[in-house]
Every structure is written in structure tokens, then in C-alpha cells.
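Numbering (my numbering), first residue to last: 420 to 805. I have placed the structure first, in the form of C-alpha cells, so that the comments after it can refer back to it.
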Amino acid sequence: MSAEGDLRGDPSRAQPDELAGPFEHGSDFHVFPYRPGGPEATPWRSESAKFYGSGRDAMRHLLRFGVEQRGWKRLLVPDYFCQQVTAALLGNGLQVETYPIGPGEGSRSPIDTLASWGPGDVLLIVNFFGLECPPVLPMLQRRQFEVIEDHTHDPLSPWAHTSGADWCVASLRKTLPLPDGGVLWSPQGHPGPQSPELDPQHQAIALQRFAAMSLKAQYLAGAVPSKLLYRDWMVSTEGRIGSGSPSSISPLSALLLSSFPLQRWREQRGASFAAFCEAFGTSSSAAQILTPVAPGACPLGAVLVLESRRVRDLLRQALISQDVYPAVLWPLDAPVLGPSLPRHVDLSERMLALACDMRYGPRDMQALAALVLTTLERISGSTEGA
Ligand SMILES: Cc1ncc(COP(=O)(O)O)c(C=O)c1O
């Protein structure tokens, strides 16, 4: 693993390279050193943006504000979406319904998928896997409802930078090595909710998660032999974050965020994605990689689409047994608001996302592509005639 390896040559530092750490790809971020960024151009202006403990905290606070101050009555969310997030949007004073849209359908305007709309409606549009840039602007010009965009999967995309939405939200902890964090801003300059208070329980969760990230760093460096304790803390904090009253971001994450080289890390993610795609090639008929539909897009990860759920599940298990931890974004078999479109369920059952973030360089991604290809070959050999 070669995360920002440029600090490792500093002779005043202990040399983590001298320890032979275990291999691992994906899963939660650990703490690692980095060269700080300069002034970063973000889609949000720090004076008017509000920073939250999580993406869900940002959304829930905005929804409560919208109901009280802007007459919001109904929220429309994609039927292809994280069901834990959909569940968190319920109970905030407005009716929540799905509308039929999913990844790879970015050339369609979301408005064309709606059966009806009107004043009091709010539409949530998601940049799925950082691949998309739907034709939102024409829609906004003739809108009779407000639009919230979710930029979690690529918060610094050209789409986010040029958005004309009423509101934008992003969970920052999904693409950045932060124990907590989400952001809310209004490209339209609408006055938003008051800054949230820091919930002491949230602060305790963020600190425990940072402890887990630090312990994971020691594990990856080969210093600590077991992952049990930090995994336990990761799972327990993940289960609690975003569920209390909407909190501000922890001071720890606010400080880290202000020092992060956001643009450089985004470029590294793009280079890692490109290296994976090149090495993976089109040689595998058993898997396709979803590619960006938007110019300048920088995918969250390499999203593979396998030929069947069975192959996806076999690949996932085989990769986990080799310490590669892919993500399923998102399981739709227990929908919170009724069934999703069959083609969306089908995609969610055949997809697998591999991390491409700043923790990895092109060589890591080439090695990963080779490992995935070999594993796929082994699987297709063992399932032939089965
Ligand atoms: C697209 C998207 N939006 C929002 C969220 C919610 O973020 P958080 O877990 O920080 O509440 C997630 C989390 O997985 C997500 O993937």
C-alpha cells in the first residue's frame, strides 16, 4: 500500500516501511501522514456552508428546516439508494416516496421519471458512484419544487462546482480519512438552518472512531498483530453515527478537513481508477466496469458488474479471503419504501465496488486488477458445468 508515501523518506520520522505490515485493500480508512493542501477550491464556501457529523445529519437537519421554513411536504428519493440513508430520512415531518432512477441513467433528466410533482415537493438527486452529471440545469429552470443534490461520491466534481441546485449535501467521511463529517450548502444562496450544536454523544463516537483508525494504522504497519479491537470499534461507531440528534462535525474532523489536500487526493483517485481500468482491460467477459458518463468525473471506485449474483457473491467471498474488501452499494433486498425497479435490483445484486482512493497508487491498482482477474478465472473454472 502506498498512501502518500512521499512523507516516508523524512529521516526524522520513524520508518514504518521497516515493519512488514499485512496486505489489505479497501474497508475503512486508517490514519496516515500526508502533505497538507494549500487553499482548496471547494464547491461550498466555508462562510456559508454548514458542517455536520455525517451526511445523514446534514440531510435530516435540512429536512426539518425545509418543513418549518419552506413548506416542504414530500421528499422524492431514488429507488436505487442506500436503504439506511432512506430510513434516516423518514420521521422528519414530510412524506418520503421513491422515484425510479439508478446508476448509469444520468442522461435522463430525473424530472422525466416523475409521475407528478408540485409545490411542496423536494427532489433528491444522487451522483451515483461519482459517475454522473444528469441534465439538471434545464430541469431547475422550469422547476416547481426544490432540489437537493447528494454529492457524497465525488464532492469536488465539476457538477458539484457548477451546481444550480437549491441545496447540496455530501457525507465527507466516505471519500476522506475522517472519523465523521458531512456538509450542507446552497448553490442558490438560500439562507439555511442555524449551525447545529456539537452533540457530546456524537463527539464521543467520532473520537472512538479516530482511535479505531489509529489502531488500524498500527495494524497495517505491522506493529499491532490483531485487527479484532479496531474492527469492533469501527462496527460499533458505524452503527451509532448519524442516529442521534443532528450534530455538527467534531472539532477533530474540522481541523483535519482544513488541512487535507482535497484536489490532489481526487486526482490520485482518478489516476488509480484509470490504472485499474487499463490493467483490467476488456479481457474479462465475466465483468464490466461502470465508466463515467460525465466529463471530468472521478469515480468513487471501480464498480464491477458481474454476470450474475452468484458470480458476484463468489467473487466477493474470494476477495475477502484474500484481504480485499469490496463494497455492495447498495443491497436492495429489504427496501424501506417498497420494491425498487427490477433492473435496479438486478444491478445491485451484480455490482461490487473496489476502493480506488488516495491510499493506493497505480501499482497497487494494477496488482489488484491482476488479482481480481485471476480470482474470476478460478471462479468461472470451478462453476463451469455446475
Ligand atoms: C450517497 C450517500 N449519501 C449519503 C450517505 C450518508 O452518509 P453518512 O453515513 O455520513 O450519514 C451515504 C452513506 O453511505 C451515501 O453513500
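Ideal Cβ placement from N, Cα and C applies to all residues, glycine included.
### Query
So which residues put a beta carbon under 6 Å from any heavy atom of ligand 1, going in chain order?
So the residues near ligand 1 by this Cβ test are SER473, GLY474, ARG475, CYS501, VAL504, VAL545, ASP569, THR571, HIS572, SER590, ARG592, LYS593, GLY601, GLY661.
### Task
Take SER678 and list the residues in its own chain whose beta-carbon comes closer than 6 Å to its own, dropping the five residues that flank it on each side.
PRO455
### Message
With distance defined between alpha-carbon atoms, name the residue in ARG628, PRO596, GLY512, HIS580 nearest to GLU459.
### Response
Answer by Cα proximity: HIS580.
### Query
For the candidate residues ALA642, THR594, TYR499, whose alpha-carbon lies nearest to that of PRO758?
TYR499
#### Entry: C-alpha gap between ARG650 and LEU771, whole angstroms
21 Å
### Query
If you draw a straight line from the alpha carbon of PRO612 to that of THR461, how long is it in whole angstroms?
20 Å
### Task
Pair every Cβ in the region 535-551 with every Cβ in the region 703-723, then say whether three or more of these pairs are closer than 8 Å.
yes
### Message
As a quick exercise: from GLY523, VAL545, ILE798, ASP540, pick the residue whose alpha carbon is nearest that of THR505.
### Response
VAL545
### Task
State yes or no: is the C-beta of LEU738 within less than 7 Å of the C-beta of ARG769?
Not in contact: LEU738 and ARG769 (Cβ atoms no closer than 7 Å).
### Task
Quick one: give me the first and last residue of the alpha helix (DSSP H) that LEU486 is part of.
Reading off the sequence shown, one finds Val at residue 486, where the question assumed Leu. Segment 474-488, the alpha helix (DSSP H) holding VAL486.
### Message
Suppose contacts are defined by Cβ-Cβ distances below 7 Å. Is SER666 in contact with ASP742 by that definition?
### Response
no
### Task
From the DSSP output, in three-state form, read off SER672 for me.
helix
### Query
My guess is that GLY474 and THR571 are in contact by the Cβ rule of under 8 Å, so how many angstroms apart are they, rounded?
6 Å
### Task
Below 8 Å on the Cβ atoms is my guess for ARG592 versus ASP599; work out the distance and round it to an integer in Å.
6 Å
### Message
Tell me the residue span of the beta strand (DSSP E) that contains ASP569.
### Response
It spans 565-569 - the beta strand (DSSP E) in which ASP569 sits, taken as one unbroken run.
### Task
Have a look at the DSSP bridge pairing and note the partners of THR517.
Per DSSP, VAL496.
### Query
Should the region 685-700 be called in touch with the region 771-786, which here means at least 3 C-beta pairs below 8 Å?
yes
### Query
Can you tell which of CYS696, VAL755, ALA753 has the C-alpha that lies nearest to the C-alpha of ASP783?
Among CYS696, VAL755, ALA753, the Cα nearest to that of ASP783 is on CYS696.
#### Entry: C-alpha distance - LEU748 paired with HIS609, whole-angstrom precision
31 Å
### Query
From what residue to what residue does the beta strand (DSSP E) around PHE470 run?
469-471
#### Entry: Cα-Cα separation between ARG731 and MET653, rounded to whole angstroms
25 Å
### Query
TRP536 to ALA673, Cα distance in whole Å?
38 Å
### Query
Mind pulling the alpha helix (DSSP H) runs of 4 or more residues that sit fully within the region 729-800?
761-769
### Cutoff 7 Å; reference SER633; Cβ partners in own chain excluding five residues on either side
VAL450
### Query
Considering only C-alpha positions, which residue in the set GLU487, CYS717, TRP491, TYR453 is nearest to VAL566?
Measuring from the Cα of VAL566, the nearest candidate turns out to be TRP491.
### Query
In chain order, what residues of the same chain have a beta carbon less than 7 Å from the beta carbon of ALA789, not counting five sequence neighbours either side?
ALA698
### Message
Tell me the DSSP secondary structure of VAL654 in three-state form.
### Response
helix
### Query
Can you list, in chain order, the residues of its chain whose CB lies under 8 Å from that of GLN502, leaving out five sequence neighbours each side?
TRP749, PRO750, LEU751, ALA753, PRO754, VAL755
### Message
According to DSSP, is GLY549 part of a helix, a strand, or is it coil?
### Response
Annotated three-state conformation of GLY549 is helix, per DSSP.
### Task
With a cut-off of 8 Å on the beta carbons, I'd call ALA589 and PRO574 a contact; round off their distance for me.
4 Å
#### Entry: Exposure of ALA507, with buried meaning 16 or more beta-carbon neighbours within 10 Å
Under this definition ALA507 is a buried residue.
#### Entry: Cut-off 8 Å between Cβ atoms - residues of its own chain near LEU533, not counting five sequence neighbours on either side
LEU495, TYR518, LEU542
### Task
Tell me whether ALA623 is buried or exposed, calling it buried when 16 or more other Cβ atoms sit within 10 Å of its Cβ.
exposed
### Message
Tell me the DSSP secondary structure of GLN613 in three-state form.
### Response
coil
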